[in-house]
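Trainee: Mind having a look at this structure? Questions to follow.
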Amino acid sequence: MRVLETPKHSDGETLDPSDWTEFRQRAEQALDDAIRYVRDIRERPVWRANPEHLKAPAEAEPPDQPEPWEKIYGELQTKVLPYTYANAHPRAWGWVIGAGMAQGIVYETWAAALNANVFGADQSASYIEEQVVAWFSKKLGIGPGASGILVSGASMANIMGLAIARTAMLGESVLRDGLQALPNRAVLYCSSEAHNSLAKAVALLGFGRESLRAIPVDANYRMSTAALRAAIASDRQNGHVPICVVGNAGTVNTGAVDDLQELGAICRQERLWFHVDGAVGALLKLSPTLAAKVAGLEGADSVAFDMHKCMHITYDAGCLICRHPRQHRATFSIAAPYLDTHASGIASGPLFVDYGLETSRPFRGLKIWMAVREHGFAKFGRLLEQSVRQAAFLVELITKEPDLRVLAANLMIVCFQFAPVELADPAISALNRELLYRLHASGVAVPSYTELQGRFAIRVAIANHRTTGADLVLLVNEVVRTGREILRSSTVASF
Ligand SMILES: *Cc1c(COP(=O)(O)O)cnc(C)c1O
């Protein structure tokens, strides 16, 4: 037998550490520091403005040569850590952003070590993801036989849900010929409070934003089902083709939950696809006492939701579950000889690329699988109850303050204003904007903002398992103190 010689030039460089002992020390230090960061998060400001010199990286030279680790790690401490939005902080209540969990450090370490690409294939990562999706499918009441996939978040899941609705309602020919081959305009319905990822979705999917009808809401920000029925009838009369209704299980603005049972019934009568945006509220199903608030979600054809918000899985972790696996697959599956299922070998496993838009995909399932097993679904249900209870407590605190008023409150979201009697409306909005800026600058708490019926609102979303009642008392005191300070320091007329 001929023995091949290995030529010198066939070996080269690698990214592996040259000294594994030193690398281990570095890793242990980072792990230690990361654990301390989360443990002591309460001692940090929730936010601090990024200094100008850190905001303008354009003129910096791209590093072509290696830099000393100490320098890089030092800049993590001085340039990065102080100026993040510390959403692990107990008083981080902006937008709807989960607080994460310390255990995520361990889960993510393994995800990084494996560096799995979960496009599919016969690898344990594929089956862990299938397991995780099946658990949630069951918990949401969609049941066995549904399909599902982990995605970056509800925005992506919303786009995918509407894409499947398009296939299911307009026929698979739409995938080949596009919407331009159809004689009539296809239309979809959501409430005027729906998340803007749905408007993005209809634009991207070729429906055009005009085709997404924003149905008015009632005084509690829930879609008016009478207006929905009227809109469907009017569209049909005008020769349009209604295909889908999107229900909110918790709006981003106020946490409002549409009447999902009624929406489901309308969809069945009218033969429309029923998609639910459950980014905020779908997981209320994990709590025996809160599940009734999203009753009807289990009747959806597709549900978009997030585990990185109120379930605190480290970013990112979203999910789409679909009751119709065949339509789901038909929407995203395109045969390719380089990405195919084989009878044997590593390619004999599931193919997630057939169920979504991403090809390369991170191992999102691992952190979810480990977190659910470590804490149990019941605890996540209790934490949701805690957030909802705390939001109700915040409403109570606000109601007791003569200078504050609640504008809207549902689930874990509370929108309110500093509204002293001597001020009227445009002035109140201007004052509250200034108040919020000062609150942010103080680093004490980060609520976000929204506008409700033209009024600027301070908006608190308690997607946070570290929040305590005392944190909410502190918030209310700070808001009142800052509001009065602004009033004193400026003529009321300037607002
Ligand atoms: C946050 C949110 C989204 C978007 O979810 P991402 O996970 O950020 O992509 C969609 N809908 C609602 C109601 C939301 O609150």
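Residue numbers for the sequence shown follow this note's numbering, so the first one is 507 and each next one is one higher.
Where is the CB? At the ideal position from N, CA and C, for every residue including glycine.
1) Assuming residue 1009 is part of the beta strand (DSSP E), what are its boundary residues?
2) Indicate the three-state DSSP secondary structure (helix, strand or coil) for residue 557 in the structure shown.
3) So, residue 654 versus residue 820, is the Cβ gap smaller than 7 Å?
4) Terminal residues of the continuous beta strand (DSSP E) containing residue 642?
5) Are the CB atoms of residue 766 and residue 824 within a distance shorter than 7 Å?
6) Residue 647: beta carbon under 6 Å from a heavy atom of ligand 1?
7) Let me confirm a value: residue 977 is counted as buried when at least 16 other C-beta atoms fall within 10 Å, else exposed. Which label applies?
8) Taking residue 962 and residue 939 to be in contact with their CB atoms under 8 Å, please state how far apart those CB atoms are, rounded to whole angstroms.
9) Assess, as a yes-or-no matter, whether the region 719 to 730 is touched by the region 687 to 705 under the definition of 3 or more beta carbon pairs within less than 8 Å.
10) Leaving aside the five residues before and after residue 915 along the sequence, list all residues of the same chain whose C-beta is less than 6 Å from its C-beta, in chain order.
11) Can you confirm whether the region 800 to 819 touches the region 763 to 777 when touching is taken to mean that 3 or more C-beta pairs between the two stretches lie within less than 8 Å?
12) Hey, out of 894, 933, 919 and 558, whose CA is closest to residue 797's CA?
13) From 886, 865 and 793, pick the residue whose C-alpha is nearest to that of residue 814; which is it?
14) Under the rule that 16 or more other beta-carbon atoms within 10 Å means buried, what is residue 897, buried or exposed?
15) Excluding the five sequence neighbours on either side, which residues of its own chain have a C-beta within less than 7 Å of the C-beta of residue 860, listed in chain order?
16) Consult DSSP for residue 599 and reduce its assignment to one of helix, strand or coil.
17) Any heavy atom of ligand 1 closer than 6 Å to the Cβ of residue 1029?
18) Measuring from the CB of residue 701, is there a heavy atom of ligand 1 at a distance below 6 Å?
19) Determine whether the Cβ of residue 980 lies closer than 7 Å to any Cβ atom of chain D.
20) Using beta-carbon positions only, say whether residue 792 and residue 800 come within less than 7 Å of one another.
21) Within 6 Å: the Cβ of residue 764 and any heavy atom of ligand 1?
22) Where does residue 517 land, buried or exposed, given buried means 16+ other C-beta within 10 angstroms?
23) Please report how far the alpha carbon of residue 982 lies from the alpha carbon of residue 762, in whole angstroms.
24) Spatial neighbours of residue 686 within its chain, please: C-beta separation below 6 Å, excluding the five flanking residues on both sides.
25) Alpha carbon to alpha carbon, how far is residue 724 from residue 732?
26) Ligand 1 and residue 786: does any heavy atom of the ligand fall closer than 6 Å to the residue's C-beta?
Mentor: The structure says:
1) Because residue 1009 is not part of the residues shown, which for the chain are 507 to 1001, the question remains open.
2) Coil.
3) No.
4) Where residue 642 is concerned, there is no enclosing beta strand (DSSP E), although the alpha helix (DSSP H) it sits in stretches over 630 to 645.
5) Not closer than 7 Å, so no.
6) Not under cutoff, so the answer is no.
7) So residue 977 counts as buried.
8) About 5 Å separates the Cβ atoms of residue 962 and residue 939, confirming a contact at the 8 Å cut-off.
9) The region 687 to 705 is in contact with the region 719 to 730.
10) Hits under 6 Å: 901.
11) Short answer: they touch.
12) Residue 797 has its Cα closest to that of 894, out of 894, 933, 919 and 558.
13) Selected option, being the one with the closest Cα: 886.
14) Buried.
15) Correct list, in chain order: 835, 838 and 839.
16) Of the three classes helix, strand and coil, the one that applies to residue 599 here is strand, per DSSP.
17) There is simply no residue 1029 to check, as the chain begins at 507 and stops at 1001 in what is shown.
18) The answer is yes for residue 701.
19) Of the protein chains in the structure, only one exists, and it is not chain D.
20) No; because the gap between Cβ atoms is not below 7 Å, this pair is not in contact.
21) Relative to ligand 1, even the nearest heavy atom lies 6 Å or more away from the CB of residue 764.
22) So residue 517 counts as exposed.
23) Between the alpha carbons of residue 982 and residue 762 lies a gap of roughly 23 Å.
24) The beta carbon of residue 686 sits closer than 6 Å to none of the beta carbons in its chain outside the five residues before and after it.
25) So the alpha carbons of these two residues sit roughly 10 Å apart.
26) The beta carbon of residue 786 sits closer than 6 Å to at least one heavy atom of ligand 1.
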